[in-house]
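Note that UniProt numbering has the sequence shown beginning at 1, numbered continuously upward.
Glycine included, C-beta positions come from ideal geometry on N, C-alpha and C.
Keep in mind that this is a model prediction, so the values were computed, not measured.
Shown next, in structure tokens, is the structure this report addresses.
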Amino acid sequence: MNPFKRLLLGKDKDSGNGNAGDSNKHSNATVRIGTRKNSLAEAEEATNTSPSLASIVLGAESDACACFALAESLLFGRNAVPIDAKRAVALLKRAAFMADPYVLSQSVLGFCFEFGLGVDIDSKFAEDWYQQAAMKGDGLACARLSFMRRYGRPNIKINRLEAEEWIKRVNEIGPSAIEWLSKAANFATSADDNNNDNNEKENYTHSPARAAASYALGVCYHDGVGVEKCAETAVACYKYAAAHGEPRGKGILAYCYGEGFGPIQKDQGLAFLLYLEAANVGEIVSMYNLAHCFEEGIGADKDLDEAVIWFQKAASVGSCYAQNSLGFMYEEGVGVPQDERKAVYWYRLSAEQGYPWAQCNLGFCLQNGLGTDKNEEQGSHWYQMAALQGHSRAQHNLGHAYQYGVGVEKDESMAVEWYRRSAAAGNAFALHSLGYCYQNGIGCEVDEEKAAKLYRESAIYGHSPAQLSLGCCYRNGVGVPKDETKAFKWIKRSAKGGNDLAQNTLGHLYEDGLGTNKDIKRAVYWYRESAAQGNAWAMTNLALLYAMPAIARADGVRQKPKEAVRLLREAAKLEHVRAQAKLGQFLLAGFGCAVDKEEAVEWLEKAADGGSVAAMSLLGQCYEFGDGCIMDLSKAVECYGKAAAWGDERASEKLVALVANPAMLSDVFEFGYVALAA
């Protein structure tokens, strides 16, 4: 797999947080804001008003604050008022639309639309009301907008940069920003409702609104929005919400059991059951997390068919997380027939909702033409969209695009900048790429010590290319003292991690006894491992070991001439110059194969064009004696001359012998080799 692709497809912790799940689909029957106005008389009748509420009811006709107070009583069942969320929403609308509106009524109206209190769930309406209130500085609205922008909802686009700005505003306001949630949740943060006085018990009854507020308050304590993080308080809120019918409360409590969050002991079986309960009533994040449980066998037997079913259910109602996961399953053929076009379809749906993982995955598909027409510019665009949201893999991939000019104008300084951002987040790929830039002075000054340090950081994360690079630093004394033993250790780690380059290098270390005892059998093993992954160097090295007489090795590895030729031919087709030269040599000699001088010359010419000194010299010999080609002494002189100029002493000797022939003098003068022959 391409190293820039991923980890790609792991599950984002934000989705695992399970914070945001709509309990039903967007309904076209939802009454739009302001189109239905209950009369105040209706609201009064519903309250069965007690004398203590008389002043509120009388003032609600024209006073937004009084209207809001009455709506709260209806929403939470306070002051002995029966719960009536629909009429509460009507009053909230009235308060929100008054000439001098009560700002909190706009936020709470958004809250009702978000959680389906008295209306069908409509995340878009919720967002609209939150935005109106947030622009006036309302803390509740800022807190809920930060949530929506960070985790997304159906029809709500993720934007984590904007989320951070809203969180900043909430924290600037302080605890008062979530005061309404705290009051609305009331008993949720206490261990026992009986600890509260009778007046509170009278004024606060269990209600869907209170359960929703408890969940939302728990999220604030979970993420540290408006208050200091407190896992114990968050869990208490979640437990109350779950126990009193809030599906998201049950979903987030499942997450807590699945991860062992805060005071909760990890119990994946219970997490699975809670996800199942919440998913069965349409809680969208629980549907996604349930699918993930089936996919990975978390708390239940692994079942890819069930995973696909639940991913599809969640994706169909707008879960960007599920859409991204479906894209991955179609791309890799996990649980479904492989279909890269369907993968791109689902990645795009998720990416357009702002989900950074999907944006990164879509960028990769576009840059590489997977399931869609190749479009490097669009690929880099999607990398940038995700990178700006702080997605470290996308930041690395964008840096790579700038380093090599893929879909953007080449800019090595910009590449280093994006590598730095990604590396600062601990991305192992970026740490390695940044180290490479420092080692080679790409977009920055050469700093070999810094390069080695970055390689080490990445290597410790288990990134096999970095382990190989660190091993090579120790082999060559780049940024660290030369140490063959440490070089061997890191290269071996990389090889065990499946890196074909490291496997080939480890074979070489065993073959020559560098940093370890010489062991040809182990060399053969690692060359084989590397060759099996298509590494042409390893194929060639293994072929040469098989070609070597056993008596020269004295290690019990049998000579295998035919296998040697097969490996050389495979490597030669991969444009490996040394393999082409050796294959030409073996074909001339009939070693491990029938003599075929014509084919030998073809491979020698390719190798010579690739810069092989040995092939150039041997090609000169073929032209000198007409082996596999028409004898051509002038070409022989040309080949010997080039090989001699490249440092081949035997070619130089042959050139001297050849030009000593008086019949060749004209050709010698023509090609200018008199000085070499002298």
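Of the residues assessed, D100 falls on the exposed side of the cut-off, its CB having fewer than 16 other CB atoms within 10 angstroms. In summary, I460 is exposed, with fewer than 16 beta-carbon neighbours lying within 10 Å of its beta-carbon over all protein chains present. A distance of 9 Å or more separates the beta carbons of P208 and G251.
Y221 sits buried, since 16 or more C-beta atoms from the chains shown fall within 10 Å of its C-beta. According to DSSP, residue pairing for I156 in a beta bridge involves R153.
Spanning the alpha carbons of A236 and A177 requires a straight line of approximately 20 Å.
By the CB criterion at 9 Å, A607 and Q580 fall inside the cutoff. As the crow flies, the alpha-carbon of G611 is around 20 Å from that of N535. Secondary structure at N375: coil, using DSSP grouped into helix, strand and coil. According to the DSSP assignment, I121 belongs to no alpha helix (DSSP H), since it is labelled neither H nor E. A direct Cα-to-Cα measurement between E376 and A351 gives close to 17 Å.
Here E296 is actually not in contact with L304; their C-beta atoms are around 10 Å apart, not less than 8 Å.
Between the region 225-239 and the region 272-279, the count of C-beta pairs closer than 8 Å stays below three; the two stretches do not touch. Taken atom to atom, the span from the alpha-carbon of A66 to that of A386 is near 45 Å. Here the C-alpha atom of F147 lies approximately 35 Å from the C-alpha atom of Q338. Rounded to the nearest angstrom, the gap between the Cα atoms of A64 and Y102 is 5 Å.
Assigned with DSSP and collapsed to three states, F591 falls in coil, not helix or strand. Sorting A532, A322, G335 by C-alpha distance to the C-alpha of R348 places A322 at the top.
Counting every other CB atom within 10 Å of its CB across the protein chains shown gives N289 a total of 16 or more, marking it as buried. Collapsing the DSSP output to three states places C444 in coil.
For V334 and E340, the gap between their C-alpha atoms comes out near 12 Å.
The alpha-carbon of D128 is positioned some 7 Å away from that of G110.
Of the other Cβ atoms in all chains shown, 16 or more fall within 10 Å of the Cβ of G435; this residue is therefore buried.
DSSP places V656 inside the alpha helix (DSSP H), whose first and last residues are 649-659. Contact between Y640 and G620 holds: their C-beta atoms lie close to 4 Å from each other, under 8 Å.
In this structure the region 595-602 does not lie against the region 553-571, because fewer than three pairs of beta carbons, one per stretch, are closer than 8 Å. One alpha carbon belongs to V119, the other to Y215, and they sit about 19 Å apart. Secondary structure note for I178: it is in no alpha helix (DSSP H), with a DSSP letter that is neither H nor E. In the structure shown, P481 falls within a coil segment according to DSSP collapsed to helix, strand and coil. Spanning the alpha carbons of E445 and Q312 requires a straight line of approximately 50 Å. At a Cβ-Cβ threshold of 9 Å, V344 and G363 do not count as neighbours. The DSSP-derived three-state label of P247 is helix. Closest by C-alpha distance to V577, out of Q559, A594, C142, A538, is A538.
Contiguous alpha helix (DSSP H) elements confined to the region 394-455 occur at 412-424, 428-440, taking only those with 4 or more residues.
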